[in-house]
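Shown next, in structure tokens, is the structure this report addresses.
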Amino acid sequence: MQAIDEPCPGDDLASRGVNRRRLLGLVTAALAAGVIPEAWLAEAAYGATPRWNRPFDKWVPITSTFGPRTDPITGVSRMHNGTDYSYSGILGYPIRSIAAGTVTGVSYSASGLGHHAVITHADGWRSVYGHMRETPRVGTGTQVAAGQHIGNVGSTGHSTGPHLHLEIFQPNGQRVDPESVLKGAPYAGAPGTPPEIVTKDGLMYLIWSTGGTGYLVTPNRVIGLRSMAHYSLFKRIINSNQAADQPEIFNALEIDQINAYLNGNVPA
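So the mapping is simple: this note's numbering equals the position in the sequence shown, first residue as 1, plus 42.
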């Protein structure tokens with residue numbers, strides 16, 4: 043159940059780095075246009091580490107780990123650049139994205155990963171899903187949520203049986219052991235409903251995601267909100283359409299909190 047690993051499509055993306063100012067522009071433009079993906083857009087704009095989940099919605103055994111091994115087809119010793127997951131009867135089982143991101147490659151390689159997809163996550167992290175049974179369910183350019191169904195387990199390409207071959211690339215383009223990243227991560231879940239988006243003057247966007255995380259997106263920064271109370275505070279700011287220093291709207295403590303957040307600080 044193994045694969046010959048080929049250079050990942052889109053490898054040049056990591057070498058170019060991430061233009062976060064341009065990404066923030068895309069965030070605000072997408073929200074202003076009514077295109078409302080999951081709140082990962084805010085994370086991507088400022089390079090937050092992705093929130094990882096496992097590639098299935100249940101435990102699937104590892105049949106081959108990351109590292110040197112003997113190729114089961116050729117018998118040649120070589121580096122295995124990913125982790126293989128499989129069990130009897132896994133053919134056709136749904137594969138899930140291990141984090142939110144954008145599909146940056148969909149391809150087929152008869153001598154390598156067969157039908158496979160590449161997803162770019164926050165700050166240039168990438169994941170590759172190999173040997174799918176058929177063409178991935180998501181095309182290049184598709185925005186996917188964490189845990190979204192992206193394809194089905196197969197045995198296409200250089201493979202001895204149905205399995206998922208998963209690779210993970212750091213922002214610098216270096217492959218890493220997927221289990222070193224996913225250790226302790228929860229099982230994947232189906233994507234939830236879109237988050238609530240509140241806007242103010244086309245310049246401030248307040249997001250509360252289905253995962254229980256809030257973001258305040260402004261032209262200068264993305265501020266993470268730790269609780270529904272903080273989200274509600276900023277919702278008042280936006281819905282009031284008033285400056286944060288209006289004492290007739292906000293009390294002194296609220297003004298201090300608002301100004302702290304707008305200055306990039308997180309009050310205790």
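Glycine included, every Cβ here is placed at the ideal spot set by N, Cα and C. Every value quoted in this text rests on a predicted model; they were computed, and no experiment measured them.
Closest to residue i by CA distance: which of the options is it?
i, options, result
"S130", "G226, R111, G196 and R93", "G196"
"G311", "P204, A188 and F276", "Given a span of 43 to 310 for the chain in the structure shown, any question on residue 311 remains unanswerable."
"R175", "T116, S151, I161 and D99", "S151"
"V102", "L258, H207 and V223", "H207"
"G181", "T162, G147 and H163", "G147"
"R179", "W94, F276, P97 and R138", "R138"
"Q185", "H200, L248, G154 and V145", "V145"
"V354", "I132, Q216, S269 and Y257", "It is not possible to answer for residue 354, since the shown part of the chain is limited to 43 through 310."
DSSP three-state label for residue i, please.
i, result
"A142", "coil"
"N281", "helix"
"H163", "coil"
"D126", "strand"
"H207", "strand"
"S274", "helix"
"L248", "strand"
"N194", "strand"
"L258", "strand"
"I137", "strand"
Can you give me the C-alpha to C-alpha distance between residue i and residue j, rounded to a whole angstrom?
i, j, result
"P136", "L295", "49 Å"
"I300", "Y273", "11 Å"
"G117", "N214", "31 Å"
Could you pull the DSSP bridge partners for residue i from this structure?
i, result
"T112", "S119"
"V223", "Partner(s): none; V223 has no beta bridge."
"G31", "A question about residue 31 goes unanswered here, because the residues of the chain that appear run from 43 up to 310."
"V186", "G143"
"Y171", "A159 and L208"
"R179", "Paired residues: none, contrary to the question."
Tell me whether the beta-carbon of residue i lies closer than 7 Å to the beta-carbon of residue j.
i, j, result
"T230", "D126", "It is Ala, not Thr, that sits at residue 230 in the sequence shown. Cβ distance not < 7 Å, so A230 and D126 don't count as in contact."
"G124", "E221", "no"
"A227", "I192", "no"
"S119", "T105", "no"
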